[in-house]
Amino acid sequence: MIRNNAELVDKWTLRFDEVSNNVYTVELTDKFGRKSGTTDHDLCRAIETCISYAFDIEKQLGNPLNKFTYDTFKYFLAEQKLLVDNYSDKDFGSWIIEKNLKRIMLDGRDFLLTLQSQSKTSSWTDDFTIELTELTFTQINELKDKFKNDN
5 MIRNNAELVD KWTLRFDEVS NNVYTVELTD KFGRKSGTTD HDLCRAIETC ISYAFDIEKQ
65 LGNPLNKFTY DTFKYFLAEQ KLLVDNYSDK DFGSWIIEKN LKRIMLDGRD FLLTLQSQSK
125 TSSWTDDFTI ELTELTFTQI NELKDKFKND N
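Taken in order, the sequence shown gives residues 5 to 155; the numbers are from the numbering used here.
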């Protein structure tokens, strides 16, 4: 469920208004007042656009993306039946999100984001791995879609 005036992703607060019939102005604002915003007739697409702008801002500033990527995947996968979703500051900002036969995880010490699939023999196989510094928002979307796909 999308809540107005609530933190959506790491230290970015969502605000949206319906400015016309089914037309929304959407803004994400961080704790320093930096904003990413757009206007669209599709609220979900507008929020995704704002998250992508905020991701670019965080990346350009050289801020750690561990919690931001975790929160982004949690937002995108809110409708999925997750078996595990855990973020750990104690483990260098490592995190894992898992459902039946698939998981996305970040090794916070080595900054490696990995999508894995589980075979019938219970072993996990890497399907995709990327350094967090090289990750783009387009790749986040692709990983989200691969995670949602049950094949």
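The beta-carbon is built from N, C-alpha and C at its ideal position, and this holds for glycine as well.
Predicted, not measured: the structure shown is a model, and the values here were computed from it.
Pairwise C-alpha distance: residue j and residue i
i, j, result
"L116", "L110", "6 Å"
"T164", "Y28", "Limits of the chain in this structure are 5 at one end and 155 at the other, which puts residue 164 out of reach."
"M5", "L81", "12 Å"
"T4", "N25", "Here the chain covers residues 5 to 155 and nothing more, so residue 4 does not appear."
"K39", "T76", "17 Å"
"L65", "E11", "20 Å"
"L47", "Q122", "34 Å"
"E102", "T140", "21 Å"
Selection from the options that minimises the alpha carbon distance to residue i
i, options, result
"I51", "R7, F36 and D89", "R7"
"V13", "E31, I55 and R38", "I55"
"D149", "F36, F72, I108 and D130", "I108"
"F96", "L105, L69, Q84 and Q143", "L69"
"K71", "Q122, N145, L86 and K94", "K94"
"Y79", "R113, R49, I61 and W128", "R49"
"D114", "L86, W99, F20 and D34", "W99"
Helix, strand or coil at residue i [DSSP, three-state]
i, result
"N8", "coil"
"E83", "coil"
"N153", "coil"
"T140", "coil"
"L147", "helix"
"L2", "Residue 2 is absent from the structure shown; the chain starts at 5 and stops at 155."
"S121", "strand"
Legend entry - Runs of beta strand (DSSP E) wholly within the region 10-79 (minimum 3 residues, chain order): 10-13, 16-24, 27-34 and 39-44
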